[in-house]
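Report on one structure; see the data block that follows.
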Amino acid sequence: MDKVQRVLGSEIGFPVLILLMNASGLTVMGLANYAREAAPAWHGPMTLFLLMMSGLALRDLIRARRTRRVLAERVRRLPLKDRGA
Numbered sequence: 234m235d236k237v238q239r240v241l242g243s244e245i246g247f248p249v250l251i252l253l254m255n256a257s258g259l260t261v262m263g264l265a266n267y268a269r270e271a272a273p274a275w276h277g278p279m280t281l282f283l284l285m286m287s288g289l290a291l292r293d294l295i296r297a298r299r300t301r302r303v304l305a306e307r308v309r310r311l312p313l314k315d316r317g318a
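Using the working numbering, read the sequence shown as starting at 234 and increasing by one per residue.
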């Protein structure tokens, strides 16, 4: 549980939460369409909204990873005495 709280408190916590919620929403909508044996309504406004939010969350995850990589590279280039270790 500590790891989950640590992830949710980091810069990637919110995008990960959004992706999980969107995946569950898309799954529920797909199962509902399958259960009533209707044509899948993947073109509906709610599906488009969930897909758009997934795209934005993925963009935020990519930005956070790039930022973390750039900062790690900058710290690695610092002399040992300036790293704060």
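Ideal placement from N, C-alpha and C gives every residue a C-beta, glycine not left out.
As the structure is a prediction and not an experimental result, all values here were calculated from the model.
Between the C-alpha atoms of A297 and V303 there is a straight-line separation of about 10 Å. The alpha-carbon separation between M285 and A256 amounts to approximately 12 Å. Distances from the CA of M262 to each of G246, L250, L283 and L252 were compared; the closest alpha carbon is that of L283.
Using a Cβ distance threshold of 8 Å, A290 and L252 count as a contacting pair. Listed in chain order, the alpha helix (DSSP H) runs fully inside the segment 278-316 are 278-310, counting runs of at least 4 residues.
The straight-line gap separating the alpha-carbon atoms of V249 and L294 is approximately 8 Å. With respect to the C-alpha of T280, the residue from D235, K236 and M254 having the closest C-alpha is M254.
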